[in-house]
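If you read the sequence shown in the working numbering, its first letter stands for residue 314, the second for the next number, and so on.
Note that beta-carbon positions come from the ideal geometry of N, C-alpha and C, so glycine has one too.
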Amino acid sequence: LEAVEAGASYQRLNERHLAVHLALVGLSGSPRLVAMAEQLVSELRVALAQIDRTRRNAHDQADTHVALVRLLEDDDIDGASAFLEKHLADAADSIIEALALD
């Protein structure tokens, strides 16, 4: 959220966005899972750059991450899990639509 308020570039916001997801995977404590997530993030950078050019929604992503962190801070694991599932499903839909893969 600080990056949004500071007027960070979309590229910087996307880097922060992906860092949040890697941090969540890191909570698993599994080096293998983290390595897989890092590989996926590398591939997602290209897709997110394309979406950025068409959607310019990096600011919206920061807001969703704040909501997710609040659920985690409140120990609402079920709510956070449901929120994250929807967030990832919506992201997949956006990527497919923006890249005209459907």
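Distance, residue j Cα to residue i Cα
i    : j    : result
V382 : A413 : 31 angstroms
G392 : L385 : 8 angstroms
A319 : L331 : 18 angstroms
H400 : S343 : 22 angstroms
L353 : D376 : 22 angstroms
A402 : I409 : 11 angstroms
D388 : A411 : 34 angstroms
R358 : Q324 : 9 angstroms
I390 : R345 : 23 angstroms
V379 : R329 : 12 angstroms
Local conformation of residue i per DSSP, three classes
i    : result
S407 : helix
D376 : helix
L412 : coil
L395 : Correcting the residue type first, residue 395 is Ala in the shown sequence and not Leu. Of the three classes helix, strand and coil, the one that applies to A395 here is helix, per DSSP.
L340 : coil
A348 : helix
Exposed unless 16 or more other CB atoms sit within 10 angstroms - verdict on residue i
i    : result
L335 : exposed
A395 : exposed
A405 : exposed
Contacting residues, own chain, Cβ-Cβ under 6 angstroms from residue i (five flanking each side not counted)
i    : result
L361 : N327
A350 : L335, V338
Q356 : The question names Gln, yet the displayed sequence has Glu at residue 356. Nothing listed; no residue qualifies.
Beta-carbon contacts of residue i that lie in its chain and below 8 angstroms, excluding the five residues immediately before and after
i    : result
L397 : L337, L381
Beta-carbon separation (whole angstroms), residue i vs residue j, contact threshold 8 angstroms
i    : j    : result
H333 : G339 : According to the sequence as given, residue 333 is Val; it is not His. Going by Cβ atoms, the distance from V333 to G339 rounds to 10 angstroms, so no, they are not a contact pair.
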